[in-house]
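Participant: Questions regarding the structure given below will be posed in turn.
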């Protein structure tokens, strides 16, 4: 069986809220499904004793009588949900009966609790956290205790070890495989939101990087596989931090003068996946970001990731001094890094997959099992962005992409291949309602 | 950074062995790498005080002096390993210095222990275990405590819940997503071995199955996506256990007489992956098997999987009453099952990915991110089988595959696509050295 | 610019028809577009002086006044066509103004002529043609003069040379590259129709075949490319016509007893493509069939191909004594062949791509640039078959494919990869309106 | 059967050369294979009466006795060729016996003639040809009579019609589908050479372009296919030639201010394919270039294409006022164009597929049936470029690509998908032996 994608599964851990005089707002519903918490968004609008809104996207109608809430929500497949609950201390408690439109004889009844999600106000006094990591994790897990809790608008100043686990002194601190700094718990981030991670600063903090001279399978024709069959060696690069140049430490005769400007980037930025799924390893990527290995995850840019568990649980690591498109050696110039990011929660909007923004471009990423599927996925991600943000019609979306698209390969080294569709922001500047995100 | 594939990482848990008068044999070496145990195979041949053999594939030469072992092993990239250890109570303890041929200035020293792997003798009195599962797991994890320990040659008679977690009485026991029966620890199975799982019996044990009427993205052209955009419903099928037929419970006008013979199969059979990797969820597949959804994993057939951790840790589940090639609805006819399997360890041979055998065919599976890559991978798996088992040259391999190949699609519903290359056993019957596995 | 697919382009060469008292029927419209004839189907229903029907799928309304025909047809994009013509001797002559809904300011006016397509009646006395080929063609061209004209229901008995151009005596007659027997002009076949080619007989007529020991790129991982890098030789196979077995003429030590039953097949069966396109070479394939290299194009089976030019122009060749799935060596066991086919025109129905039928299965082929796209295309082809022929709803189509699909690889050796979706006919036997086509 | 790729097939049409006192040089050998001329390169070095060199890459040894030439050439598969000929008036005439190493019993004897290829000297007085096209071709054919003969170094100043066949006055001159200007015969260009086409000038010569608002299948997920199912319209764009901006002629409410800078490009540049293959239509692409639709085929850049027939036969057309990466609408902004190109023959070097050069980058293109295969092919093309031109080892090639690669999508609209690997020339500036081509 294929595993269904459950977009709204997460752990309930909302702070207690004072007694709500009016139920209008966004609620976070937690049901228990055979030991695993499964969660839903609930939007309520209370007018007198009447309730409207939606439950997990299904339109609802109901009533509030004294402290008793009842509602009936319907989906567009002939199914529905019936809810009966009591409200006390801001906590809604009761049962929901789920009826599948194609199998009405087998309704399912679950206990639930719900709390209202607080609206994040502008962070009056954002905090800059200096954080020195002592442990590094090798899974993007929702099960790991956060190393630090921050608020939307706060800044984290910290370091990352290289993909092999070595720090700025060259001391190996952990088994390799992209060990991550984090996870950071972001107050006020709930499933259904987006996390914006602004990369304020990415600074190299040691003078060498490790790479290799292989070519990954996605780059090899049979002929090139034969020609490069003896490629297999580690390659150390010297990082000239003053001049910002990388050079091979032991070049052969042809490469003695080869030097490439560094462009520090993070190979991994991730939020945790939903609570019902197995946590991905730090070599993997997906809608949650992860090991994207995209060489525009650089200082000055912002990455948008979906929030799937309360607190989002932000991870980052796998710094590269520089990397060609696709990370075709399997390793880029792997090195440790000094990192400063500012984190913001965008409430009530969920990006379908990683999106980025630079001073000049918006960028939508697709991560799939092949470049062909990643191309489709990046196009879909961008098309939805243009429809949501710029209110374009499908016809207009096609016209804009057709005339403004820049498609580049972001990743070929890992299980997922990555493609990015970039569009210049100046071309979009005269469209109605341009908005960041 | 791409995550390197570490084929020989596993947890040391060999039983203590009596003092070894001769060191000749297969050893299991455990090193500690920043908290994660990393393991290697070691083969020693002792003649007097001289030692030969290989360490993780690298040829070694050394000496045994009193209770002190020393050896030097070299790889074909200019690197080497130097080992110094003492032997006591059958346990080898000491240090290994690893030198990378392309970076000799940075040797790495690790502590290690090693024990000899016992040779499995023919299981004189195999045991048939009746096992009633009480928990079901949703990850193919090496971190889960085994539910039962068995020996090579033993038989397990048990049951599986359906992909949604419901048992033979229709009672949901666990959150859906292919919850598995197991893991079973198989004594004597070590990394570098192969686990053979003979499916003795697969019996339907309830009269309905759950499926749906969707078509997964890998099956959809844009045109078919538009035509099937309203497909989305669950479909219940009646299983006539007497006549062995499946029929839709509520057929529309055209399907009133549609009936398909059942062919019970297991969607999932897996061994645990190595100890340094994140455990895959039970919707995933790979070289370890997993959610292969191949409709020839049926009664009478044998599946071969690589052993990556001590005890192999066998999981199975996700029974299907029947399934077309590829599981194109995402769900097959999902149902609970009575299962009986006999498990055998094939020591010292490691299959590169799932292989199967029926009375008529040998079958090699490829599981990759696209059908194109899965096709290559299945071909590679079979080519290696023919080279190893039948001693064919590359030219002969091409001639046999060219004239005898049957390629079918095994899986399109999950993250990995699957292809299987089948070859009739009677065509191979006259080749030299045919051997099962 | 992408070349638009023009499905209804073909050459007008209808026989003159006696004066039509009633215009009702199917017409074949020829317009001249800058020197290239472009054609459209026109269906007219005359009731008194009123005309209804459709022009190239666009609903029309019009009138017949004396010998003057006028109609107005509208498409669903806001565009239309206006026709004004006179009828004389069964020939309609006049002008059509084409208006594009998204660009109404730039109408296009074209001259046209049209004739009525005669309805083919059951061929009372089908003819068996003994045809000895003297030339062989290396393009599936609509520009080549037919070698023989036949009627629907007739049988052709002839021979084919092997892929290298050698005949049954081993004499090379033409440069290699799948030289074809044909083209055969089938009276009454018009664009919009389907050609059914029943393979009555495929008989080997010499005792050897030519193949090689390579593996084509679609089958090669990098590792297998390296292992097989010295494979490159031609391989001659002996064909034992009595026992029906193929054996290598000079087997190495391991293959001395290797023998495979022959299963003669045609690598190529094709109709000509439309008149505006460049004729494909005989190594290519597509919706017109061509070099499909599918090992179920065998005696007893029927292949359905779309008709794109008047007379269809049937080609066949590239006989294989036998072939594994996909023709992974690039060459199968290439040999000459004695061929007997019966050809039928199915009027007014056009298959979207190659379909086959055996005694046990219906089969829909997809031919695209990758196996992933071919899989989608085969699924689409079959889904449409089930909707058209069995009147299934999209939901029912998914249920049938999900439970009955058999997907196999047909071709990996050429520019297009091929996949075939097969369904057992007995499973469809109880659906309403089963009909062969 | 797969069609073998015959790289050295072409038509003999060398000018007669005066009696050669010494045979040393590059020869052009024409053999007749069942009516199709098949050709080979022959390199001879004469020292006294001894001959060395190679025949089609196979090392040869031979003698010149009076006017009789004899040589024996061997391949690395155990096969050989024996040549016996006489020399008269600079023309070599005789027979070659071809022996296949894996099938020595079946030698093949062919008549041949050969002439010496003149060395092109620097074109002292290049000519600028003003050429007004009167016909436009829809196949990249070697069978079409050249419209003009030029010399290496000459410049062609001409015009192209748009993809739909309309010229600068909006008059349709030919059926659409990328009708081409050309073919131009380039004196001195022979198979085995490369043709360099410098684009000196690309100037828009009318004030509108035609496009559409569709999205091609390679860009569509199922979800996006459903959302864009009503996209289907032609879109006319106004080209403001003064300001260099394109705007939709009839924008909807959101696009009223949308304007994109023009960047004129040629969708098609091609040389004819070899004489044994079917000529591709002008919607197709391949190693010969063709309908590449790459938006860096712009003024100032140079494109390198392999020569496959004498004279190369250069075609170009399909101008786009601008195009996003991949031509995702199927049509770019299709328009007519004023074109000026300078053509150069690079003798004795053959590019394996299209390569480009701008002031800042070298670029290698891959054109295959999927983006995944095109990515491999582009990487292979660039790797070979770096090995040939910069003499890099396979290890160094991987290091350069790993640190300097820029991969972009060039084409998704046609049968072949295109990828381009770009590398900045300044990064290569300090490698040994940089050379243009």
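Chains as they are written, first to last, in this note's numbering: chain A, 3 to 439; chain B, 3 to 439; chain C, 3 to 439; chain D, 3 to 439.
Here a beta-carbon is modelled for each residue, glycine too, at the ideal position from N, C-alpha and C.
Out of curiosity, what's the CA-to-CA distance linking residue 78 (chain A) and residue 405 (chain A)?
Facilitator: Taking the first residue of the first chain as position 1, residue 78 (chain A) is located at position 76. Taking the first residue of the first chain as position 1, residue 405 (chain A) is located at position 403. Taking the straight line joining both Cα atoms gives about 37 Å.
Participant: Return the first residue and the last residue of the beta strand (DSSP E) that residue 244 (chain A) is part of.
Facilitator: Taking the first chain and counting its residues from 1, one reaches residue 244 (chain A) at position 242. Where residue 244 (chain A) is concerned, there is no enclosing beta strand (DSSP E), given that its DSSP letter is neither H nor E.
Participant: Note down, in chain order, all residues in the stretch 398-414 of chain A with a beta-carbon under 8 Å from any beta-carbon belonging to chain D.
Facilitator: Within the stretch 398-414 of chain A, the qualifying residues are 398, 399, 400, 401, 402, 403, 404, 405, 406, 407, 408, 409, 410, 411, 414.
Participant: Cα separation between residue 192 (chain D) and residue 133 (chain D)?
Facilitator: Position 190 of the fourth chain, counted from the first residue, corresponds to residue 192 (chain D). Position 131 of the fourth chain, counted from the first residue, corresponds to residue 133 (chain D). Going from the Cα of residue 192 (chain D) to the Cα of residue 133 (chain D) covers about 24 Å.
Participant: What would DSSP say about residue 42 (chain C), mapped onto helix, strand or coil?
Facilitator: Translated into positions along the third chain, residue 42 (chain C) becomes position 40. Three-state DSSP puts residue 42 (chain C) in a strand.
Participant: Using a Cβ-Cβ cut-off of less than 9 Å, list which residues of the stretch 187-205 of chain C approach chain B; keep chain order.
Facilitator: Taking 9 Å as the Cβ-Cβ cut-off against chain B, none of the residues of the stretch 187-205 of chain C qualify.
Participant: Select from the stretch 232-253 of chain B all residues with a C-beta closer than 8 Å to any C-beta belonging to chain A, and list them in chain order.
Facilitator: Residues 234, 235, 236, 237, 238.
Participant: Please check if any C-beta of chain D sits within less than 8 Å of the C-beta of residue 372 (chain B).
Facilitator: If you number the second chain from 1, residue 372 (chain B) lands on position 370. Chain D, which has a Cβ nearer than 8 Å to the Cβ of residue 372 (chain B), makes this yes.
Participant: I'd like to confirm something about residue 182 (chain A): is its beta-carbon nearer than 7 Å to some heavy atom of the ligand FAD, or not?
Facilitator: No copy of the ligand FAD occurs in the structure displayed, which carries no ligand at all.
Participant: From the DSSP output, in three-state form, read off residue 274 (chain C) for me.
Facilitator: Working through the third chain from its first residue, we reach residue 274 (chain C) at position 272. Reduced to three states, the DSSP call for residue 274 (chain C) is coil.
Participant: Does any residue of chain C bring its CB to less than 8 Å from the CB of residue 228 (chain A)?
Facilitator: Position 226 of the first chain holds residue 228 (chain A). Yes, its Cβ sits closer than 8 Å to a Cβ of chain C.
Participant: Say whether the stretch 192-211 of chain B touches the stretch 178-198 of chain D, bearing in mind that this needs 3 or more beta-carbon pairs closer than 8 Å, one atom from each stretch.
Facilitator: Contact fails: fewer than three Cβ-Cβ distances are below 8 Å.
Participant: Distance cutoff 8 Å, beta carbons only. Does residue 6 (chain D) sit that close to anything in chain B?
Facilitator: What you label residue 6 (chain D) is simply residue 4 of the fourth chain in a count that begins at 1. Low confidence applies here, because residue 6 (chain D) scores a pLDDT of 41, under 50, leaving its location unreliable; read the following figure in that light. Chain B contact via Cβ: absent.
Participant: How would you list, in chain order, the residues of chain A whose beta-carbon sits under 9 Å from the beta-carbon of residue 108 (chain D)?
Facilitator: Indexing the fourth chain from 1 puts residue 108 (chain D) at position 106. The contacting residues do not exist; residue 108 (chain D) stays about 28 Å from chain A at best.
Participant: Cα separation between residue 269 (chain D) and residue 292 (chain D)?
Facilitator: Here residue 269 (chain D) corresponds to residue number 267 of the fourth chain, with the count starting at 1. Here residue 292 (chain D) corresponds to residue number 290 of the fourth chain, with the count starting at 1. If you take the alpha carbons of residue 269 (chain D) and residue 292 (chain D), they lie about 8 Å apart.
Participant: For residue 222 (chain B), return the contacting residues in chain D, with the cut-off set at a CB-CB distance below 7 Å.
Facilitator: Numbered from its first residue, the second chain carries residue 222 (chain B) at position 220. Here the neighbours are 224.
Participant: Just how far apart, CA to CA, sit residue 422 (chain A) and residue 384 (chain D)?
Facilitator: Within the first chain, numbered from 1, the residue matching residue 422 (chain A) stands at position 420. Within the fourth chain, numbered from 1, the residue matching residue 384 (chain D) stands at position 382. About 22 Å.
Participant: In terms of alpha-carbon separation, which member of B:215, B:240, B:317, B:112 lies closest to residue 231 (chain B)?
Facilitator: The sequence position of residue 231 (chain B) within the second chain is 229, counting from 1. Ranking the options by Cα distance to residue 231 (chain B), first place goes to B:215.
Participant: Around the Cβ of residue 127 (chain B), are there at least 16 other Cβ atoms within 10 angstroms (buried) or fewer (exposed)?
Facilitator: Walking along the second chain from the start, residue 127 (chain B) turns up at place 125. Result: exposed.
Participant: Counting only beta-carbon separations shorter than 8 Å, does residue 432 (chain D) have a partner in chain A?
Facilitator: The residue given as residue 432 (chain D) occupies position 430 in the fourth chain. Residue 432 (chain D) counts as touching chain A.
Participant: Show which residues of chain D have a CB atom less than 8 Å away from the CB atom of residue 219 (chain B).
Facilitator: Taking the second chain and counting its residues from 1, one reaches residue 219 (chain B) at position 217. Within chain D, the residues near residue 219 (chain B) are 223, 224.
Participant: How many angstroms separate the CA atom of residue 263 (chain D) from the CA atom of residue 169 (chain A)?
Facilitator: Position 261 of the fourth chain, counted from the first residue, corresponds to residue 263 (chain D). Position 167 of the first chain, counted from the first residue, corresponds to residue 169 (chain A). Cα-Cα distance, rounded: 47 Å.
Participant: When the Cα atoms are used, what is the spatial distance from residue 108 (chain C) to residue 245 (chain D)?
Facilitator: By 1-based counting over the third chain, the position of residue 108 (chain C) is 106. By 1-based counting over the fourth chain, the position of residue 245 (chain D) is 243. Using only the alpha carbons, I get a separation of about 26 Å.
Participant: Checking contacts by CB at 8 Å: is residue 279 (chain A) closer than that to chain B?
Facilitator: For the purposes of this step, residue 279 (chain A) is taken as residue 277 along the first chain, with counting starting at 1. Yes, residue 279 (chain A) counts as interfacial toward chain B.
Participant: Return the CA-CA distance between residue 204 (chain C) and residue 88 (chain C), expressed in angstroms with no decimal places.
Facilitator: As a first step, residue 204 (chain C) must be located in the third chain, where it is residue number 202. As a first step, residue 88 (chain C) must be located in the third chain, where it is residue number 86. Approximately 50 Å, taken between the alpha carbons.
Participant: Would you call the stretch 313-324 of chain A in contact with the stretch 182-189 of chain A, where contact means no fewer than 3 C-beta pairs closer than 8 Å?
Facilitator: With a cut-off of 8 Å, the stretch 182-189 of chain A and the stretch 313-324 of chain A count as touching, because enough Cβ pairs lie within range.
Participant: Runs of 3 residues minimum, wholly inside the stretch 325-402 of chain B: which ones carry the beta strand (DSSP E) assignment?
Facilitator: Runs found: 339-348, 357-359, 363-370.
Participant: How many whole angstroms separate the CB atoms of residue 261 (chain A) and residue 243 (chain A), which I take to be in contact at a CB cut-off of 8 Å?
Facilitator: If you number the first chain from 1, residue 261 (chain A) lands on position 259. If you number the first chain from 1, residue 243 (chain A) lands on position 241. In fact, because the Cβ distance is near 14 Å, the residues do not count as touching under 8 Å.
Participant: Can you give me, in chain order, the residues of the stretch 373-391 of chain D that have a beta carbon less than 7 Å from any beta carbon in chain A?
Facilitator: Answer set for the stretch 373-391 of chain D: 373, 374, 377, 378, 379, 381, 382, 385.
Participant: Provide the residue(s) that pair with residue 293 (chain B) in DSSP beta bridges, ordered along the chain.
Facilitator: By 1-based counting over the second chain, the position of residue 293 (chain B) is 291. Residue 293 (chain B) is bridged to B:270.
Participant: The alpha helix (DSSP H) that contains residue 227 (chain C), what's its start and end?
Facilitator: As a first step, residue 227 (chain C) is located in the third chain; it is residue number 225 there, counting from the start. Taken as a continuous stretch (DSSP letters only), the alpha helix (DSSP H) holding residue 227 (chain C) covers 224-229.
Participant: Compile a chain-ordered list of the residues in the stretch 94-122 of chain B whose CB is closer than 8 Å to at least one CB of chain A.
Facilitator: Residues 102, 103, 104, 105.
Participant: Out of curiosity, what's the CA-to-CA distance linking residue 351 (chain B) and residue 39 (chain A)?
Facilitator: Against the second chain, residue 351 (chain B) aligns to sequence position 349. Against the first chain, residue 39 (chain A) aligns to sequence position 37. Looking at the two C-alpha atoms, the distance is approximately 42 Å.
Participant: Put residue 67 (chain C) into one of helix, strand or coil per three-state DSSP.
Facilitator: Taking the first residue of the third chain as position 1, residue 67 (chain C) is located at position 65. DSSP places residue 67 (chain C) in strand when its eight states are reduced to three.
Participant: Is the separation between the beta-carbon of residue 332 (chain A) and that of residue 413 (chain A) shorter than 8 Å?
Facilitator: Translated into the one-based positions of the first chain, residue 332 (chain A) becomes position 330. Translated into the one-based positions of the first chain, residue 413 (chain A) becomes position 411. No, they are not a contact pair.
Participant: Kindly list, in the order they appear in chain B, the residues whose Cβ is closer than 7 Å to that of residue 417 (chain A).
Facilitator: As a first step, residue 417 (chain A) is located in the first chain; it is residue number 415 there, counting from the start. In chain order: 371.
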